[in-house]
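Trainee: Mapping to full-length UniProt numbering: the sequence shown position 123 is 123, numbers consecutive.
Backbone N, C-alpha and C define an ideal beta-carbon position, used for all residues, glycine too.
Please see the structure below; I have some questions.
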Amino acid sequence: MDFILEEQPVSKYHKVFSIVFYMGLLINFALSLRNNVRSNSVLKDASKWYKENKELKRKTLYLGDKDAVDEGVDAGESSNDADIENLNRTIKQLSTEVAELQTELDTVRQSEFQTLEQNMKLNEELELRKAENRKFKAELEELRTEHQQLRRVSEMMKKELEDLKEIEENQRNDIILLKKEAGEQKRERNILKHQSTLIMQGLNDSNGTESLILLQEIENLKRTLEDERSRHEEELNSLQDRFEQDQENDSHIEILEERLKLVEEELKSAISRAEAAEAKLKAPPLPPPPPPPPPPPFAANDCPPVVPLRRRRSRATVEDLAKTIGVQESSPDKKPAPPGVNHDIINAIKEGKFTLKKSKKEGKMEKDRDTPKAVSEILNILGSLRRAPKKRQSQYLGDVQL
1 MDFILEEQPV SKYHKVFSIV FYMGLLINFA LSLRNNVRSN SVLKDASKWY
51 KENKELKRKT LYLGDKDAVD EGVDAGESSN DADIENLNRT IKQLSTEVAE
101 LQTELDTVRQ SEFQTLEQNM KLNEELELRK AENRKFKAEL EELRTEHQQL
151 RRVSEMMKKE LEDLKEIEEN QRNDIILLKK EAGEQKRERN ILKHQSTLIM
201 QGLNDSNGTE SLILLQEIEN LKRTLEDERS RHEEELNSLQ DRFEQDQEND
251 SHIEILEERL KLVEEELKSA ISRAEAAEAK LKAPPLPPPP PPPPPPPFAA
301 NDCPPVVPLR RRRSRATVED LAKTIGVQES SPDKKPAPPG VNHDIINAIK
351 EGKFTLKKSK KEGKMEKDRD TPKAVSEILN ILGSLRRAPK KRQSQYLGDV
401 QL
């Protein structure tokens, strides 16, 4: 990691030094161009002085020959004009060269200024990189020190943990030894107790030698019994510990099995829901329910039952009901029908000679919306006719019982 951090600034320094070297070359080129321009300015001054000298010579000649009359053009003047033309040409060439050099000088100055700005920026970046490098080095040193401290602390903790493990092992071994010693002491105590009881019994008996032999045999048997008992106790303790561990593992496994069962049930319910939804999507639409069966026909000999009046239909008269069904009255004279008896309506319902009038307001609507109120009224009447005989029979039976 140190090698990588040192290699990065070296590469940056190399780039900076290369840029500075190229900038120095550009500055030397600009200085050489400036010197050339200065030499061109010297030539320009010389041409200017030459012109002034020529003008002074012409003025002196003009002042000397003021009184003389020139009739033609002298050969000297023609040579002077040729020199002037040559000088003008050279002046134009030099002026164009000077303009070109001036433009080159401006471009070089501009490039020099840009290179200086770039150099300043690069210097600033270099300083920033140096500061960042110093900062990173300081942070790296801090991290190294922290790492070393943590390493030392971890080593110390590791040593302490190992010491504690050793102490725990020693204590465990001591506990095992103490348990063994306690078991042995317990066995010896039981043996001595048994021996003391047998000795006390043997003192009362006359055969002392036989009692001693029996005591030795009993002692050996008692020791073997105590050894077997201690061994069985240790085996029981170890088996109890194993059983507890297995029980803990079994409880954990049972919990996992219960969770797995719950997840499987949720998955099955989700699958059943998805299958039901797919079946609903794939299944064709259910057909409409069949219409209710027609009412059973009444016998001809039976008397027409009395239709009980409904409270909410109390305002509807027999004439309105006949108009809605389309039954015409037999006699022209309209007599008020007795309440509860409607022979014409019942006969028309039995024979099926009734027609429903169409509503004028909504003629173009659907049939389900176009059902008039007469149908509901007829259904109510039929239901009341079905219920009326039962009510009458119950009333008659009540009267007889009374």
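With distance defined between alpha-carbon atoms, name the residue in Glu-85, Glu-162 and Ile-27 nearest to Lys-54.
Mentor: Locating residue 54 in the sequence shown gives position 54, counting from the first residue. Nearest C-alpha to Lys-54: Glu-85.
Trainee: Rounded to the nearest angstrom, what separates Glu-265 and Arg-273 at their Cα positions?
Mentor: Stepping through the sequence shown from its first residue, residue 265 is reached at position 265. Stepping through the sequence shown from its first residue, residue 273 is reached at position 273. Answer to the nearest angstrom: the Cα atoms are 12 Å apart.
Trainee: Buried or exposed, going by whether 16 or more other CB atoms sit within 10 Å of the CB of Lys-222?
Mentor: For the purposes of this step, residue 222 is taken as the residue at position 222 of the sequence shown. Result: buried.
Trainee: Quick one: is Gln-153 buried, meaning 16 or more other Cβ sit within 10 Å of its Cβ, or exposed?
Mentor: Against the sequence shown, residue 153 aligns to sequence position 153. In the sequence as presented, Gln is not what sits at residue 153; that position holds Val. That one is exposed.
Trainee: Assuming Ile-19 and Leu-122 form a contact by the criterion Cβ under 8 Å, report the distance between their Cβ atoms to the nearest whole angstrom.
Mentor: Residue mapping note: residue 19 aligns to position 19 of the sequence shown, counting from 1. Residue mapping note: residue 122 aligns to position 122 of the sequence shown, counting from 1. Indeed, because the Cβ distance is near 6 Å, the residues count as touching under 8 Å.
Trainee: So, using beta-carbon positions, are Lys-57 and Leu-87 closer together than 8 Å?
Mentor: For the purposes of this step, residue 57 is identified with residue 57 of the sequence shown, where counting begins at 1. For the purposes of this step, residue 87 is identified with residue 87 of the sequence shown, where counting begins at 1. In this structure, Leu-87 does not lie closer than 8 Å to Lys-57 by Cβ.
Trainee: May I have the straight-line CA-CA distance separating Glu-127 from Arg-134, to the nearest angstrom?
Mentor: For the purposes of this step, residue 127 is taken as the residue at position 127 of the sequence shown. For the purposes of this step, residue 134 is taken as the residue at position 134 of the sequence shown. So the alpha carbons of these two residues sit roughly 10 Å apart.
Trainee: Taking 8 Å as the cut-off, decide whether the C-beta atoms of Ile-191 and Glu-219 are in contact.
Mentor: Position 191 of the sequence shown, counting from 1, holds the residue named residue 191. Position 219 of the sequence shown, counting from 1, holds the residue named residue 219. Contact: yes.
Trainee: Please confirm whether Arg-230 and Gly-183 have their CB atoms less than 8 Å apart.
Mentor: For the purposes of this step, residue 230 is taken as residue 230 along the sequence shown, with counting starting at 1. For the purposes of this step, residue 183 is taken as residue 183 along the sequence shown, with counting starting at 1. The amino acid at residue 230 is misidentified as Arg; the sequence shows Ser. It is a contact, given that the beta carbons lie within the stated cut-off.
Trainee: Spatial neighbours of Thr-224 within its chain, please: CB distance less than 7 Å, with the 5 preceding and 5 following residues excluded, ordered by chain position.
Mentor: Taking the first residue of the sequence shown as 1, we reach residue 224 at position 224. The answer is none, since no qualifying residue turns up.
Trainee: If we ignore side chains and look at the alpha-carbon of each, how far apart do Gln-171 and Leu-178 end up?
Mentor: Working through the sequence shown from its first residue, we reach residue 171 at position 171. Working through the sequence shown from its first residue, we reach residue 178 at position 178. So the two alpha carbons sit approximately 10 Å from each other.
Trainee: Hey, how far is the Cα of Leu-236 from the Cα of Glu-181?
Mentor: Stepping through the sequence shown from its first residue, residue 236 is reached at position 236. Stepping through the sequence shown from its first residue, residue 181 is reached at position 181. Their backbone Cα atoms lie some 19 Å apart in a straight line.
Trainee: Tell me which residues share the same chain as Glu-233 and place their Cβ nearer than 6 Å to its Cβ, disregarding the 5 neighbours each side in the sequence.
Mentor: Translated into the one-based positions of the sequence shown, residue 233 becomes position 233. Hits under 6 Å: none found.
Trainee: Taking C-beta to C-beta, are Arg-187 and Glu-226 nearer than 8 Å?
Mentor: Residue numbering aside, residue 187 sits at position 187 when the sequence shown is read from its first letter. Residue numbering aside, residue 226 sits at position 226 when the sequence shown is read from its first letter. Going by C-beta atoms, Arg-187 is nearer than 8 Å to Glu-226.
Trainee: Taking the alpha-carbon positions, what's the Ala-82 to Asp-106 distance?
Mentor: As a working note, residue 82 is residue 82 in the sequence shown. As a working note, residue 106 is residue 106 in the sequence shown. Computed Cα separation, rounded: 36 Å.
Trainee: Going by C-alpha to C-alpha distance, which of Glu-244, Ile-167 and Lys-48 sits closest to Thr-90?
Mentor: Here residue 90 corresponds to residue number 90 of the sequence shown, with the count starting at 1. Out of Glu-244, Ile-167 and Lys-48, Lys-48 has the C-alpha closest to the C-alpha of Thr-90.
Trainee: Let me know if Gly-72 comes out buried or exposed under the rule of 16 or more other beta-carbons within 10 Å of its beta-carbon.
Mentor: The sequence position of residue 72 within the sequence shown is 72, counting from 1. Note on Gly-72: pLDDT 47, under 50, position unreliable in the model; the coordinate value appears next. Burial call: exposed.
Trainee: Give me, in chain order, the residues of the same chain whose beta-carbon lies closer than 6 Å to that of Glu-124; leave out the 5 immediate sequence neighbours on both sides.
Mentor: Looking up residue 124 in the sequence shown gives position 124. There are no such residues.
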